[in-house]
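K.L.:
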Amino acid sequence: MSRLQIIVFAFSALFFTEGKAQTIRIGELNSYKVFPAFLEPYKKGMELAIEEINASGGVLGKKLELVTRDDGGNPGDAVRVAEELISREGAHVLMGTFASNVGLAVSNLAAQRKVLFLASEPLTDKMVWENGNRYTFRLRPSTYMQTAMLIPEAVKLKKKRWAIVYPNYEYGQSATASFKKLLKAAQPDVEFVTEQASPLGKIDAGAVVQALIDAKPDAIFSSLFAADLQKFVREGNTRGLFKSTPVFNLLAGEPEYLDTLKDETPDGWWVTGYPWNAINTPEHRKFRDAYQKRWKDYPRQGSVVGYSAVYTVANAIRKAGSTDTEKVVDALRGLEMTTPFGPIVWRPLDHQSTMGAYVGQLAKKAGQGVMVNWRFADGANFLPPFEEVRALRKE
Amino acid sequence: MLLSSVLIQFLNGLAGASSLFLVAAGLSLIFGVTRIVNFAHGSLYMLGMYLAVWLAERIGFWAAVPLAAITVGAIGALAEISLLRRIYKAPELLQLLATFALLLLVKDFALWAWGPEDLLGPRAPGFAGAVEIAGNAFPQYDLLLILLGPLVLVLLQLLLSRTRWGILVRAATEDREMAGALGVNQRWLFTGVFALGALLAGLGGALQIPREPANLNVDLSVISDAFVVVVIGGLGSIPGAFLAALLIAEAKAFCIGLGYSQATLVIEFVIMAAVLVARPWGLLGRMPVPARPGAAEPPLAPPSRRLRWTLAIVACGLALLPLGSGGYTLVLLTDLLIFALFAASLHFIMGPGGMYSFGHAAYFGLGAYAAGILLLREKFPMELALALAPFAAGLAALAFGWFCVRLSGVYSAMLTLAFAQIAWSAVFQWDALTGGSNGLVGVWPAPWLSSKPAYYFLTLLICASGIFLLWRAIYSPFGLALRATRDSPLRAEASGIDVRATQWAAFAIAGLAAGVAGALYAFSKGSISPEALGIQRSVDGLVMVMLGGIQTLSGPVWGAALFAWLQDAAARNIDYWRAATGFVILALALVLPNGIGSLLQAKK
Amino acid sequence: MSILAVRELSKSFGGVRAVERVGFSVAAGELLAMIGPNGAGKTTCFNLINGQLRPDAGEILFDGKPMQMLPPRDRCRLGIGRTFQVAATFGSMTASENVAVARLSHERKLGSIFSSPDDSTLGMEQALLKQVGMDALADKQCAELAYGDLKRVELAVALAARPRLLLMDEPTAGMASAERGELMRLVSNIARRGNIAVLFTEHDMDVVFRHADRVIVLAEGELIAQGTPAEIRADARVRRVYLGEDAAHA
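Residue numbers (our numbering), protein chains in the order written: chain A, 28 to 422; chain B, 3 to 606; chain C, 13 to 262.
Encoded structure:
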């Protein structure tokens, strides 16, 4: 090639590649640099799924290809990156996002551009309800669902005075709202004695713990996670908050957050999470063995999400027999498939999968936090009635 | 609140104040002497945390703390010698750019070295438990911190008042040029101060590990807290920093104790704004010695022929581009154009106006939100929403600017930041109007503008006209007056110019222009959320202006283009894209201290 | 008739009386020097007149109207020009632009945002700079000018607002002695030709006695004498508090 040709080639590669590849492309975008602890295992899960699918012949005779991008952790950049994935990389499907504002922005773009978007990580209820649209599907059990999964245990305790602590943004706010609503419905005499809203990542743990002690609650509901959770747990342990007060904490059983607690792990907390080494269903064992073989590491919650999300896309395209967006959307509505957590259904009503979560209690074993007394909560059992959902979705 | 609770919350506040003070003291010291706004100070703190956790597993907590602090001090010295020393003579705030690049580098370094997971450090041996105070269990370690803060304050004060070195530091803080004239070896003084400041940051981080896990987000959250404390206390004043840390920490503890926990989102910025409005140089700060005449800004030459031609060609190229390429190139260029207008609007007050703003994103974001609110809540047609939204930003700039032009230099800049944070928290909390942390979704352009080329042309037209009008304004009589107020407020006032009114008007114009950019941004993305007016976006604006060259005309536009392109390209191709961006910014700061715009200036 | 009249002017700082019931006046076309030993209250008195400070009591009448509460910019608009002890100019601009700013300000044209500065009146800048002998360096950036030249540009800037009173704080400070005489001759020419009153403070007694029409003397915040240079030279009190000191030094 002459130098001129190279330049022309490079230039056109820069500007005019509007991917027409011989592969089926999943355009994946996520906040890899903002939430690396969750998203690195997630990426490994996706890559494992891609390798498995391609090793067994791909999808519709084509190889499945994953194109990942960092979305910068904010909706503005995420929308640009999504556009890049759609128009330059020729992605057939969009997937990913973590924070709810980013997820909602990309979901909205997907509806505008008529591209299928599989929201893998975001938990916000609005994703499939208030802001739901034809092109958006969500895999994980939502904030509402995970909160609902804790309700039966909370009701059993028959505690009257509840204190609440949550990270002050959409996820924490809606977890709090759902918890109050659901608990009040099941136990009308319940009282919420204090609500502590902490700026995300900046909880003033000592003061919050003291404020909770002062409120003299019978039980506590928390939706803290990551660094906030660790600070809260350590202060609470030191100050004796948890000695006689049961705590319910969303997500705290997920290895991403639980493993960092080590010998601080508080005994007896009710949590949602993922007891990866104790689940011995055939589906999960197969997944865990493959994951550990491939990555020399144990799977986290994110690994399961990434893995199942890629399989969802593959299954939907297989069922549709085409990569045409409208056909894939129709195929995905009502799709039934198996995940490491067992069978799920993609509800036609609101595009929410019925993937569940594990509910159990925390305990310490050899200086490590584990989940005990756990059971699987099937997502299908923790969704509001159809009429309620239909009213929320403005379609 | 029970009396015992009041006592405990007060003690909580004291412990928090000690942590805050340690990190703020170093920042204040560094600023006082070197005038560097050290953006990487939180990164040094974060390094202190990671190093301490890592070392504690090997040599135990109590040996790890001093070793981590000393190591961070050495890293600080190294950074000063190898990097900052080269740019003291460069335009003011270039150091800010360099330290911002350091922040990016350190963040990716920490991710590379210690991995993505939070690292919860050990409890401090000997201080692991709690003591009973007024019927409540109170952590022993917090009591230790309560003592450590004042101890460090006393030691620092002794160092500064009893040693020769300390006296030189104080002299340099009060009057840097005079100290230089007295034959103080500035180079080593600066290095020493930077190392000491870094050591304090490292110590603060290391001492924090029993209370907080080492994590990758701590750098930014600490730096904003530390800035606030330093400014409230008075830049360069160590006792001031202590007092301010106390004020902030107690305010937070009692917000939580009294059940106003949501206020913790913004309370420190409200306090900062109130303090600055009442006491323009902070609680214990002194009016800075004005710079001696002779440090004049370079002249603003009329655009050279080369620049005019370059701009004309670029404009034509941009106008013809949709013929050659659709899709993503247009999306990226739409972003670039919007940021170019945003940067140009910031440059308008920073370059010709000489007023620094660390919170310019407020006007960008308010413009965007106004567009979204008018469209979705008020059901205005998109065209009307786009036309009216910038005025919301302009009005906010008018209101905030009234206070900001009454201060000068970094204080004014910090007040802009305080207002931006207050605006941010209002947007963040006001669910019914703004959609809270999720923001507003579904802010799309009218059908005739919804295709990519159509919206691109609209953006090109508006941004190019906006930038052109801003540039024209710089050379207009008003622009002359604005430059006059920057060059010599005394002379301007004596020549009949109302200095504050002129700066105020400029502030409002810049806010309006940023609002235009924000409104265009909202419709190009289809959604808008609180990040649009967050600190990060304000910093992006500063970086664009500094990269391009603060005292060049077209620089900010090139800076915006380069920065936005860099982020896009690096994020797409490199895992450690933050570090890569940091390297490029650092290289540019060293090679082109006057910005890339200086390449197109008329040669003298 | 007097263009500036000061009556019973007083100012104190934290109980220390810096200026105490000072009164004097300046007539159009007259050069009045204000002198006094260090700490006599000259600077305070001067800053009260130029608007940097507000008096505690007393009146400052410009053209018969009180102006003691006006900010400096309004005093400029009334027709009071100023030069500073350390020449204050717009360092990033050329000499000609410096004058243009002051002229546009005088014509109330600085609010215009999208027009260009009017080229047709450029001649006025040139004429003013010629008056102070700076026309050849009109396009030089001020930051690059020699200090003596800067003083002249500053004078042109002050004159661009067509003042009727010129306040000059130590006009010859920092200049070589040959330059001093030259500058003061220039000032007195301009004052006579334009019928402009000039009030200046000065350390150099040579300059004062050679160029001032009248002299007022402050000591410990009070006006102790006023008169022609010859009268002041002969005044016993002045000799005691002021020149006497000099004599003691000598």
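We put the beta carbon where it would ideally sit given N, CA and C, even for glycine. These figures come from a predicted structure and were not determined experimentally.
1. Measure from the alpha carbon of B:S529 to the alpha carbon of each residue in B:G543, B:A582, B:P447, then state which is nearest.
2. Using a Cβ-Cβ cut-off of 7 angstroms (strictly less than) and excluding sequence neighbours within five positions of C:H223, which residues of its own chain qualify?
3. In the DSSP assignment, the alpha helix (DSSP H) including A:R161 goes from what residue to what residue?
4. By the criterion of Cβ-Cβ separation under 9 angstroms, what are the contact partners of A:D294 in chain B?
5. Can you say whether B:E59 is buried or exposed, counting buried as having 16 or more other CB atoms within 10 angstroms of its CB?
6. Taking buried to mean at least 16 other C-beta atoms within 10 Å of its own C-beta, is C:M81 buried or exposed?
7. What are the residues of the region 5–18 of chain B that lie near chain A, defined by any Cβ-Cβ distance shorter than 8 angstroms?
8. From the beta carbon of C:L171, is the nearest beta carbon of chain B less than 8 angstroms away?
9. Kindly list the residues whose CB is nearer than 8 angstroms to the CB of B:G296, restricted to its own chain and excluding five residues on each side of it in sequence; keep chain order.
10. Does any C-beta atom of chain C lie closer than 8 angstroms to the C-beta of B:Y477?
11. Do the region 453–461 of chain B and the region 79–97 of chain C make contact, defined as three or more Cβ pairs closer than 8 angstroms?
12. For A:P149, return the contacting residues in chain B, with the cut-off set at a CB-CB distance below 7 angstroms.
13. For A:S58, I'd like the list of residues in its chain whose CB is within less than 6 angstroms of its CB, leaving aside the five on either flank, ordered along the chain.
14. Below 8 angstroms, can you find three or more Cβ-Cβ pairs linking the region 502–509 of chain B to the region 400–415 of chain B?
15. Helix, strand or coil for A:N101? Go by DSSP, reduced to three states.
16. State the Cα-Cα distance for the pair B:R308 and B:S556, rounded to the nearest angstrom.
17. With a CB to CB cut of under 6 angstroms and the five nearest residues on each side skipped, what residues in its chain are close to A:T50?
18. Is the beta carbon of A:K346 closer than 8 angstroms to that of A:A336?
19. Quick check on A:V397: does DSSP put it in helix, strand or coil?
20. Can you check whether the C-beta of C:I125 is within less than 8 angstroms of a C-beta belonging to chain B?
21. From the beta carbon of A:D152, is the nearest beta carbon of chain B less than 8 angstroms away?
22. Between B:G28 and the rest of its own chain, which residues show a CB-CB distance below 6 angstroms, the 5 nearest in sequence each way excluded?
23. Which same chain residues, not among the five before or five after A:V129, have their C-beta less than 8 angstroms away from its C-beta?
24. Using only alpha-carbon positions, find the residue among A:A253, A:H119, A:Y196 that is nearest to B:S263.
25. Between the alpha carbons of B:L417 and B:A510, how many angstroms are there, rounded?
26. Specify the secondary structure class of B:N219 as computed by DSSP and reduced to three states.
27. With DSSP collapsed to three states, give me the class of C:L82.
28. Can you list, in chain order, the stretches of the alpha helix (DSSP H) that have 4 or more residues and sit fully within the region 433–510 of chain B?
29. Strictly by DSSP, which residues pair up with C:I92?
30. Can you give me the start and stop residues for the beta strand (DSSP E) that A:F269 sits inside?
31. Please compile the residues from chain B whose C-beta is within a distance smaller than 9 angstroms of the C-beta of A:N342.
32. Mind checking A:T221: buried by the 16 CB within 10 Å criterion, or exposed?
33. Any beta carbon from chain B within less than 8 angstroms of C:E137's own beta carbon?
34. So the candidates are B:L69, B:T36, B:P118, B:E119; which of them puts its Cα closest to the Cα of B:I83?
35. With DSSP run on the structure shown, which of helix, strand or coil describes B:W114?
36. Which same chain residues, not among the five before or five after B:I211, have their C-beta less than 6 angstroms away from its C-beta?
P.N.:
According to the structure data:
1. B:P447
2. L43, M196, S200
3. Unbroken run through A:R161: none, as it is neither H nor E.
4. Here the premise fails: no neighbours, minimum Cβ distance about 17 angstroms.
5. exposed
6. exposed
7. S7, I10, Q11, N14, G15, A17, G18
8. no
9. Unreliable positioning characterises B:G296 in this predicted model, as indicated by a pLDDT of 41, which lies under 50. The coordinate reading is nonetheless provided below. Here the set comprises nothing.
10. yes
11. no
12. The contacting residues do not exist; A:P149 stays about 10 angstroms from chain B at best.
13. D98, G100, F125
14. yes
15. coil
16. 12 angstroms
17. K89, K90, E92
18. no
19. strand
20. yes
21. no
22. G199, L202, A203
23. S58, D98, G100, N101, P102, A105, P149
24. A:Y196
25. 15 angstroms
26. coil
27. coil
28. 433–436, 454–477, 479–489, 491–496
29. C:L177
30. Segment: none, A:F269 is in no beta strand (DSSP E) and carries neither H nor E.
31. The premise fails here: A:N342 is roughly 28 angstroms from chain B at the closest Cβ pair, so nothing lies under 9 angstroms.
32. buried
33. no
34. B:T36
35. helix
36. M51, A54, V55, G123
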